[in-house]
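Residue numbers (the working numbering): 396 to 579.
Beta carbons: idealized from backbone N, C-alpha and C, even for Gly.
Everything on this sheet refers to the single structure shown next.
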Amino acid sequence: MVFVALLRGINVGGNNKIAMKQLKATFEAAGLANVVTYINSGNVVFTDSGRSPAALAPRLEDAILRAYGYPIKVLIRSLADFAALMRALPEAWHNDDRQKCDVLFLSDAVDAPGLVEKLDPKPEIDTVLYVPGAVIWSVDRDKVTRSGLLKLVGTDLYRQMTIRNVNTVRKLYALMVSQADSPG
396 MVFVALLRGI NVGGNNKIAM KQLKATFEAA GLANVVTYIN SGNVVFTDSG
446 RSPAALAPRL EDAILRAYGY PIKVLIRSLA DFAALMRALP EAWHNDDRQK
496 CDVLFLSDAV DAPGLVEKLD PKPEIDTVLY VPGAVIWSVD RDKVTRSGLL
546 KLVGTDLYRQ MTIRNVNTVR KLYALMVSQA DSPG
């Protein structure tokens, strides 16, 4: 099966530095195959046969802790999870000079449809969609400073998620599909 690991809080503001080449080697040493990293923010596409996301996440968190000394939260999503996310993501939503669009990947502890209300989106500013395992958040660039997303930073809830912009999410999905289409 094809998965992506989304690491929370590496290479942010000079903290929890991990080189992607070394991270790839750590995943391979943990028994994963076809490991590909994407950009420097902790996105790792890989294949594994037989283990569930629930089994893979703690295994990888332990491997990262042993290799680098950082307690990094790892969220695992399958290709099927990402396919459902991509079906829900409006094609017109982008991360560019006019629009900011992010995907908030949720830990199991907070993943629920009712979470959207707790996020405090601002009517007429934020557009927020819930998909199992994630929240998709869009706001016009000129309204970002008034977005409810800013209030989320630093909260307990914020620590239960990892965020990627939609451009990164679309690229990760393409990498996952490519892995699934590869022979072997």
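Range covered by the alpha helix (DSSP H) that runs through residue i
i, result
"Leu545", "544-547"
"Met396", "Where Met396 is concerned, there is no enclosing alpha helix (DSSP H), given that its DSSP letter is neither H nor E."
"Lys513", "510-513"
Neighbourhood of residue i by C-beta, 7 Å cutoff - its chain only, sequence neighbours within 5 removed
i, result
"Thr432", "Met415, Leu418, Lys419, Asn438, Val439"
"Ala529", "Leu480, Val498, Leu499, Phe500, Leu501"
"Lys538", "Ile520"
"Leu547", "Leu514, Tyr553"
Extent of the continuous beta strand (DSSP E) to which residue i belongs
i, result
"Asn562", "Per DSSP, Asn562 belongs to no beta strand (DSSP E); it is in the alpha helix (DSSP H), 561-576."
"Arg472", "469-473"
Anticipated Cβ contact below 8 Å, residue i with residue j, distance rounded
i, j, result
"Met571", "Phe500", "Actually they are not in contact, since the Cβ atoms of Met571 and Phe500 sit about 14 Å apart, beyond 8 Å."
"Lys513", "Leu552", "7 Å"
"Ile520", "Ser542", "6 Å"
Sheet register partners of residue i (DSSP bridge)
i, result
"Met556", "Leu501"
"Asp521", "Val534"
"Val526", "Ala529"
Sequence-distant residues of its chain with Cβ nearer than 6 Å to residue i (five each side left out)
i, result
"Ala428", "Thr442"
"Arg493", "Arg536"
"Lys468", "Arg403"
"Ile471", "Phe398, Ala400, Pro448, Leu451, Ala452"
Sequence-distant residues of the same chain with beta carbon closer than 8 Å to residue i, five excluded per side
i, result
"Lys412", "Ile405, Asn406"
Ordered list of alpha helix (DSSP H) runs contained in the region 408-457, each at least 4 residues:
415-424
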